[in-house]
Amino acid sequence: VLYNLALSYEKSGRLDEAEGAYAEAAAKARRDPRVFTGWGIVALQRGDFEVAAGRLDRAREVGGDEVPSAMWYWARALAAAAVEDLDAAAALLQESLERYREHVVLRNNLAVLLEILGRVDQAEDLLRSALAEDPSLPQLSKNLGDILYRAARYDEAWEAYHRAVKLQPKLGDDVYFKLGNIAYKRLDRESAADYWRKSLELNPRHELARTNLETVSALT
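Now the structure itself:
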C-alpha cells in the first residue's frame, strides 16, 4: 500500500510527499527492489544524484539474481551521467540493451552518451536501427539530426529534424533554431526567419535565434 501511495505521489509531481512515503515503505519492505528503485528515482528528480545512486544500488543489491527493470537501468545510468561518470553510464546502458533490446528509450539514451564519448559512428548506427524499429519517438530523429548537423551533413539533418517536429511540433527551440540555420545556408531567408521566430516562440530568451532573425530582417 505504501509503495503504491509513494508511486502515486511521484507520478503527480508531489516529490516531498513521495520521498516520505518511499522512506516509510523502505523501512517496512527492506527487500523490495521496487521500493528502492522508486525512492532512487525521486532523489534523481530532486537533483540528489549521489543519494539516487545509493538507493538504486541498494535496489539491485536486494534484488539479488533478479534482472533489474528497464526503469532501473535508465535511472542508474542517468545518475551516473549527472555526476559526469559517463563511462559507467554507457556501460549500464549497454548492459540494459542486452536485457531489453526492444527498449528504444534506452537505445536513445545510450546513443547520446556514445556521441559524448566520441563514438559518433556507433551512436548514429544505434539511432538508425532504433528508428527502423520504432519511428514514432521524436527524440530519436532529433538526436540523429544533431549528429548529422554537427557533421555538416545538413540535408540529412534537415530530414531528421522535420521528422521530429512532425511527430512533436513543440519538441523544443533548438530544433527550430537549427532548421533556421540550415534554411539560411540554403539561401532561403524567408524560411530561416520563420524557423527562428518559432524558436523564439518556444524560448523567448534564445539570444542566437533573436540575433539571427534581426540580421536576416536587416538584409530583406
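Just so it is clear: in the sequence shown, position 142 is 163 by this note's numbering, and no numbers are missing. Where a beta carbon is used, it is the ideal one built from N, C-alpha and C, also for glycine.
Is Phe106 helix, strand or coil when you go by DSSP?
Note that residue 106 is Asp in the sequence shown, not Phe. Three-state DSSP puts Asp106 in coil, outside helix and strand.
Please determine, among Ser212, Asn224, His227, the residue with the shortest C-alpha to C-alpha distance to Val237.
For the residues Ser212, Asn224, His227, the minimum Cα distance to Val237 belongs to Ser212.
Please classify Pro225 as buried or exposed, where buried requires at least 16 neighbouring CB atoms within 10 angstroms.
Looking at its Cβ environment, which holds fewer than 16 other Cβ atoms inside 10 Å, Pro225 is exposed.
Please specify which runs of the alpha helix (DSSP H), each continuous and at least 4 residues long, are wholly inside the stretch 168-209, giving them in chain order.
Correct list: 175-188, 194-206.
What did DSSP end up calling Gly34 once you bin it into helix, strand or coil?
Gly34 carries a coil assignment under DSSP once its states are collapsed to helix, strand and coil.
Can you check whether the CB of Val125 is closer than 7 Å to the CB of Asp155?
In this structure, the beta-carbon distance from Asp155 to Val125 falls below 7 Å.
Which of helix, strand or coil does DSSP assign to Ser212?
DSSP places Ser212 in helix when its eight states are reduced to three.
According to DSSP, simplified to helix, strand and coil, what is Glu119?
Three-state result, Glu119: helix.
Kindly provide the ranges of any alpha helix (DSSP H) runs that are 4 or more residues long and lie completely inside the stretch 53-102, ordered along the chain.
Counting only runs of 4 or more residues that sit fully inside the stretch 53-102, the alpha helix (DSSP H) segments are 54-66, 70-84, in chain order.
Same chain, Cβ closer than 7 Å to Leu99, five either side skipped, listed in chain order:
Apart from the 5 residues on each side of it in sequence, Leu99 sits with its Cβ closer than 7 Å to the Cβ of Leu65 in its chain, given in chain order.
Do the stretch 113-125 and the stretch 89-103 make contact, defined as three or more Cβ pairs closer than 8 Å?
The way I'd put it, the stretch 113-125 does touch the stretch 89-103; three or more beta-carbon pairs between them come closer than 8 Å.
Between Leu127 and Leu118, what straight-line distance do the alpha-carbon atoms span, to the nearest angstrom?
Distance between Leu127 and Leu118, taken at the CA atoms: about 7 Å.
On the premise that Tyr216 lies in contact with Tyr197, defined as a C-beta separation below 8 Å, what is that separation, rounded to the nearest angstrom?
That belief holds up - the Cβ atoms of Tyr197 and Tyr216 are roughly 5 Å apart, short of 8 Å.
Would the stretch 159-177 and the stretch 186-194 be scored as touching if the rule is three or more Cβ pairs under 8 Å?
Because the criterion of three Cβ pairs below 8 Å is met, the stretch 159-177 and the stretch 186-194 touch.
With Ser238 as the anchor, note down where its alpha helix (DSSP H) starts and where it stops.
For Ser238, the enclosing alpha helix (DSSP H) starts and ends at 228-240.
Are there 16 or more other CB atoms within 10 angstroms of the CB of Val56, so buried, or fewer, so exposed?
Val56 is buried by the Cβ-count criterion.
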